[in-house]
Amino acid sequence: MEVRTQEFATGASDALADQQLRTNLRKFMTILKTLRKQVSSEVVNLDELQQRAKDVKNHALENLDYYLELFETKLSENGGRVHYAQTPEDLNQIVIEICRRVNARHVVKGKTMVGEETALNEALIKAGLDVVETDMGEYIVQLANEPPSHILGPAVHKNKKQIADLFYSHHDLGNRSLAEVPEIVGEARHVIREKFLQADVGITGANALIAETGSSLLLTNEGNGDLCSTLPKVHIVVTGIEKLVASLEDASAMLRVIARGVVGQSMACYTSIFTGPREGAQDAGPEEFHVVLLDNTRSELLGNELRDILRCVKCSACLNHCPIYGQIGGHAYGWVYSGPMGSVLTPQLVGMEKATDLFNACTSDGRCAEVCPMVIPLPDLLRKLRVRQWNQNRLKRTWRWGLLMFMLTARYPRIFKRLSKLGVRVLNLLGGGRGALNSLPIKSGWTDVRDLPMPQGETFQSLWARQLKQKKGER
Ligand code: SF4
333 MEVRTQEFAT GASDALADQQ LRTNLRKFMT ILKTLRKQVS SEVVNLDELQ QRAKDVKNHA
393 LENLDYYLEL FETKLSENGG RVHYAQTPED LNQIVIEICR RVNARHVVKG KTMVGEETAL
453 NEALIKAGLD VVETDMGEYI VQLANEPPSH ILGPAVHKNK KQIADLFYSH HDLGNRSLAE
513 VPEIVGEARH VIREKFLQAD VGITGANALI AETGSSLLLT NEGNGDLCST LPKVHIVVTG
573 IEKLVASLED ASAMLRVIAR GVVGQSMACY TSIFTGPREG AQDAGPEEFH VVLLDNTRSE
633 LLGNELRDIL RCVKCSACLN HCPIYGQIGG HAYGWVYSGP MGSVLTPQLV GMEKATDLFN
693 ACTSDGRCAE VCPMVIPLPD LLRKLRVRQW NQNRLKRTWR WGLLMFMLTA RYPRIFKRLS
753 KLGVRVLNLL GGGRGALNSL PIKSGWTDVR DLPMPQGETF QSLWARQLKQ KKGER
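With positions in the sequence shown counted from 1, the corresponding number in my numbering is that position plus 332.
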């Protein structure tokens, strides 16, 4: 997927002007937030469960070299094979080579964010393979030739009619109607089922990798992951190195919080554990089982101040509660990961210089951290990226000067007080008693789309000083 993170401002403006997109987003976000609230309130010790999930993941990350080795050993004993990919290109090449070796022509894919990160579809298609996404949302965006706009619901930006229109133009429907959701789902199922039966290779992601057993754990709500992994003769799991956990017990600690964070379910509809290819006389399951582990600078993250983001299980709860994401959706972010987690992860994966707008597009309301099942301090991480931007001198000159001025005045309360008083007077003068300004000489971008309200009455400091004086007088 092409990196277009530098076009964030344009993408956000376009999204804000798209009323249909905003209606679709509002509906979806409201459903997810309500469901999460309901399910979370049913659990009395949610904080405890989340803390346990955090500890489990931290333990695995602190001992990642050991658990990677253990995972590889166990999977080899089970008859599977681990491959390491340093870069996205390496991962794509490994998958293509496996497909070529088994003379594959048809590939079915379950949802994998790492596959999006490496643009795996494009690479496989370029290598001459027929690739079909089997997750309903992914299938829709594949037909529309668009990237996913949400981790959990790749097609949340589309409504029922838009999806039906897409099927009318791509499927041979005759005079069949797709007026209702069950008809649309039935149509997709009919087409995708044929693809499962044809497929030589199935590719899925993983929600966790279990070191002690060499297993991959996958959660889905549609069951397509199970069909991708059991019907084709080869199953390939593509995922990041950070997905390791020590044991089944530790994986179950994460299961208790992931689904609640995702869609407000206590469990996903399908929880599948794959531990290798079919054995001996078994007549089901793949003949080959591969796990391809992507680094792509994750090992750098392990050693820097953003390491907490490696606990992310891509549940999307932070996206669903982000006021910025809720207005503009995922495409505006210009790459695979969006919302708060994307604004932290993307600069690391595509380079700071290409993603500075992302971590500045944050209101710091802190809701993302409150809902994160892995207790990731997202606002802190976003702030650290801003500090990094400052230290690397990557801030626009006007912003840098503005911040420097603020720092200087904020350190000296007297100067700050006087300047704020002066600012209030100047603004009131400019406002001319109208209560709001509709055009600012220097920051016209602000007043292009909204009025700037004028300060009402006194400054906070003079109000505070007067109240203190009054209180002292009453005593
Ligand atoms: S940062 Fe937390 S809330 Fe956001 S996707 Fe990752 S685990 Fe979920």
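For glycine and all other residues, C-beta sits at the position ideal for the given N, C-alpha and C. Here the structure is a predicted model, which is why all the values come from computation and not from measurement.
In the DSSP assignment, find the alpha helix (DSSP H) that holds residue i and state where it starts and stops.
i      : result
Ser373 : 351 to 373
Ser830 : Here the chain comprises residues numbered 333 to 807, so residue 830 is not present and cannot be evaluated.
Ser509 : Element bounds for Ser509: n/a, residue is neither H nor E.
Gly534 : Taken as a continuous stretch (DSSP letters only), Gly534 belongs to no alpha helix (DSSP H), being part of the beta strand (DSSP E) at 533 to 536.
Tyr471 : 468 to 476
Ala487 : Note, Ala487: premise wrong, no alpha helix (DSSP H); not H, not E.
Tyr399 : 396 to 409
Ile747 : 745 to 763
Leu559 : 556 to 562
Leu625 : Element bounds for Leu625: not the alpha helix (DSSP H) but the beta strand (DSSP E), 620 to 626.
Ala797 : 792 to 806
Leu498 : 492 to 502
Report the CB separation of residue i from residue j in whole angstroms; it is logged as a contact under 8 Å.
i      : j      : result
Val450 : Gly546 : Here the sequence assigns Thr to residue 450, which means Val is not the residue at that position. Their Cβ separation, rounded to whole angstroms, is 23 Å, which puts Thr450 and Gly546 out of contact at 8 Å.
Asp697 : Pro655 : 6 Å
His502 : Glu519 : Contact flag wrong, Cβ pair sits at about 10 Å.
Leu498 : Leu475 : 5 Å
Arg643 : Ile708 : 6 Å
Tyr665 : Phe340 : 6 Å
Asn760 : Pro787 : 7 Å
His622 : Arg336 : Actually they are not in contact, since the Cβ atoms of His622 and Arg336 sit about 31 Å apart, beyond 8 Å.
Arg726 : His653 : The pair is not a contact, with the Cβ atoms about 28 Å apart (cut-off 8 Å).
Ser604 : Gly534 : With a Cβ gap of about 12 Å, Ser604 and Gly534 do not count as contacting.
Asp582 : Val388 : 4 Å
Grab the span of the beta strand (DSSP E) containing residue i for me, first residue to last.
i      : result
Asp462 : 462 to 465
Val376 : Premise fails: Val376 is in no beta strand (DSSP E) and is neither H nor E.
Ile568 : 566 to 572
Tyr416 : 413 to 417
Ile524 : Per DSSP, Ile524 belongs to no beta strand (DSSP E); it is in the alpha helix (DSSP H), 513 to 530.
Ile708 : Segment: none, Ile708 is in no beta strand (DSSP E) and carries neither H nor E.
Ile641 : No beta strand (DSSP E) contains Ile641, which DSSP labels as neither H nor E.
Ser310 : Summary: the structure shown does not reach residue 310, with the chain confined to residues 333 through 807, and so no result is reported for it.
Thr552 : 547 to 552
Leu772 : It is not in any beta strand (DSSP E) - Leu772 carries neither H nor E in the DSSP assignment.
Ala540 : 540 to 542
Just to confirm, is the Cβ distance from residue i to residue j under 8 Å?
i      : j      : result
Leu710 : Cys650 : yes
Asn539 : Leu551 : yes
Asn628 : Leu681 : yes
Thr536 : Gly442 : yes
Leu576 : Tyr416 : no
Lys386 : Met706 : yes
His391 : Ala531 : no
Leu348 : Gln659 : yes
Leu402 : Ala543 : yes
Pro609 : Val440 : no
Ala578 : Tyr744 : no
Arg368 : Val703 : yes
Ala585 : Arg384 : yes
Glu611 : Val566 : no
Lys749 : Gln799 : no
Val371 : Gln597 : yes
Met445 : Lys646 : yes
Gly767 : Pro785 : yes
Would you say residue i touches the ligand SAM, meaning its beta carbon is less than 7 Å from a heavy atom?
i      : result
Leu710 : The model depicted lacks the ligand SAM and carries the ligand SF4 instead.
Determine whether the Cβ of residue i lies closer than 8 Å to any Cβ atom of chain C.
i      : result
Asp582 : The structure shown contains no chain C, having only a single protein chain.
Query raised in the report: Which ranges would you report for the alpha helix (DSSP H) in the stretch 649 to 706 if only whole runs of at least 4 residues count?
Result: 649 to 652, 655 to 660, 671 to 682, 688 to 692, 699 to 703
Report task. Spell out a yes or no on whether the stretch 421 to 438 and the stretch 448 to 464 are touching, meaning 3 or more CB-CB pairs, one atom from each, closer than 8 Å. Result -> yes
Report task. Taking 8 Å as the threshold, find out whether the stretch 457 to 472 comes into contact with the stretch 524 to 534 through three or more Cβ pairs. Result -> yes
Query raised in the report: Okay, do the stretch 568 to 581 and the stretch 477 to 495 touch, 3+ Cβ pairs below 8 Å being the bar?
Result: no
Query - Touch test, the stretch 655 to 673 against the stretch 608 to 619, Cβ-Cβ under 8 Å, three pairs minimum - result: no
Query - Every unbroken beta strand (DSSP E) within the stretch 421 to 465, with a cutoff of 3 residues, ordered by chain - result: 438 to 441, 462 to 465
Query raised in the report: Is there contact here, the stretch 487 to 496 with the stretch 340 to 356, by at least three beta-carbon pairs under 8 Å?
Result: yes
Query raised in the report: Per the contact definition of three or more C-beta pairs closer than 8 Å, is the stretch 741 to 761 in contact with the stretch 715 to 733?
Result: no
Query raised in the report: Do the stretch 675 to 695 and the stretch 372 to 381 meet, that is, are 3 or more Cβ pairs less than 8 Å apart?
Result: no
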